[in-house]
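Engineer: All residue numbers for the sequence shown refer to this note's numbering, where the first residue is 1 and numbers rise by one.
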Amino acid sequence: MLYSAFILGILGSFHCIGMCGPIAFMLPVSRENKVLKFVQIFLYHFGRLLSYGIIGLLFGLIGKSLDLFGIQQQLSIGVGVLMILVIIIPSKKVQKFNFSQPLYRFVGRIKSSLGAALKKRTPDTFFTIGFLNGFLPCGLVYMAVFGSIAAGEIFTGSLYMLLFGLGTIPLMTTAVYFSSLLGGNMRRKVQRLIPAFVILIGFLFIIRGMGLDIPYLSPAPTTAIVDAAAGCH
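#1: Let me check understanding here. Comparing Cα to Cα, which of Leu171, Gly78, Leu212 lies closest to Met143?
#2: Within the continuous alpha helix (DSSP H) that includes Asn133, where are the two ends?
#3: Rounded to the nearest angstrom, how far is the Cβ of Phe205 from that of Ala150, given a contact under 8 Å?
#4: Assuming Gly47 contacts Gly115 (C-beta within less than 8 Å), just tell me the rounded distance between them.
#5: How many angstroms separate the CA atom of Gly211 from the CA atom of Pro137?
#6: Looking at Met26 and Val198, is the spacing between their C-beta atoms short of 8 Å?
#7: Taking 7 Å as the limit between beta carbons, can you name the residues of its chain near Ile225, skipping five residues before and five after?
#8: To the nearest angstrom, how far is it from the Cα of Leu75 to the Cα of Thr122?
#9: Buried or exposed for Ala5, please, with buried defined as at least 16 other CB atoms from any protein chain shown within 10 angstroms of its CB.
#10: Where does Ile214 fall in DSSP's three states?
#11: How big is the Cα-Cα spacing for Ser100 and Gly130?
#12: Nearest CA to the CA of Met1: which residue from Ala220, Ile201, Ile214?
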């Protein structure tokens, strides 16, 4: 399922341009020194990837804890169903529950720190901006978080988030270098594909959890493999 994280990052980066694009556009990168500009952008992305990796570790730990209770398959199915529901349920109904209210204070601090960092040009500025950027609330990041939980392993959960972050790099870098090329029509066309792809990932997680003994896609449960091996004797 790791490949789904990278593809989600690629498609989701068109959404990121709308959410995080203003931050990328405002990066105080060098306009004269191309090598320095490249290094600055690299540090920005490295900071984002590090924050995504930390998020993946934390939620991978949750998935690992649930796996210890022997519900890894049910967890995968549950995550898949949740992904699909998030897409098909009207956003207005979801907003009524106001799940993000407890995060407002935390997000406010991140935005304040981002504002201060954008005014500086010290060597650590771009890393700090990227690192803080990675913790900003984003619907696509939430989808990737679901995947890191379903991974059921700490480091696999972190890798899932890292691959998601890597998928966003090409377009986010383009936003810094060639912002004029990312027209609104192009972004809207790709953004229409995102819900369909998230639903597809949801179905893949459901199929994976069903243990249909399909290589790579839906491996048989470990207990079934052990029972089959025992039967051979």
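Even for Gly, the Cβ is constructed at its ideal location relative to N, Cα and C.
Structural biologist: Taking the coordinates as given:
#1: Here residue 143 is taken as the residue at index 143 of the sequence shown, counted from 1. If we check each option's Cα against that of Met143, Gly78 comes out closest.
#2: As a working mapping, residue 133 is identified with position 133 in the sequence shown. Per DSSP, Asn133 belongs to the alpha helix (DSSP H) from 125-133.
#3: Translated into positions along the sequence shown, residue 205 becomes position 205. Translated into positions along the sequence shown, residue 150 becomes position 150. Going by Cβ atoms, the distance from Phe205 to Ala150 rounds to 6 Å, so yes, they are a contact pair.
#4: Taking the first residue of the sequence shown as 1, we reach residue 47 at position 47. Taking the first residue of the sequence shown as 1, we reach residue 115 at position 115. The beta-carbon separation of Gly47 and Gly115, rounded to 16 Å, does not stay under the 8 Å limit for a contact.
#5: Looking up residue 211 in the sequence shown gives position 211. Looking up residue 137 in the sequence shown gives position 137. For Gly211 and Pro137, the gap between their C-alpha atoms comes out near 33 Å.
#6: Sequence index remark: in the sequence shown, residue 198 carries index 198 (1-based). Sequence index remark: in the sequence shown, residue 26 carries index 26 (1-based). Not closer than 8 Å, so no.
#7: For the purposes of this step, residue 225 is identified with residue 225 of the sequence shown, where counting begins at 1. The predicted model places Ile225 with a pLDDT of 39, which falls under 50 and marks its position as unreliable; any figure quoted below should be read in that light. Once the five neighbours on either side are set aside, Ile225 has no close Cβ partner at all.
#8: Start at 1 with the first residue of the sequence shown, and residue 75 comes out as number 75. Start at 1 with the first residue of the sequence shown, and residue 122 comes out as number 122. Pairing Leu75 with Thr122, the inter-Cα distance amounts to about 44 Å.
#9: Stepping through the sequence shown from its first residue, residue 5 is reached at position 5. Buried, since its Cβ has 16 or more Cβ neighbours within 10 Å.
#10: Numbered from its first residue, the sequence shown carries residue 214 at position 214. Ile214 falls in the strand class under three-state DSSP.
#11: If you number the sequence shown from 1, residue 100 lands on position 100. If you number the sequence shown from 1, residue 130 lands on position 130. Note on Ser100: pLDDT 49, under 50, position unreliable in the model; the coordinate value appears next. Roughly 22 Å between the two C-alpha positions.
#12: What you label residue 1 is simply residue 1 of the sequence shown in a count that begins at 1. Ranking Ala220, Ile201, Ile214 by Cα distance to Met1 puts Ile201 first.
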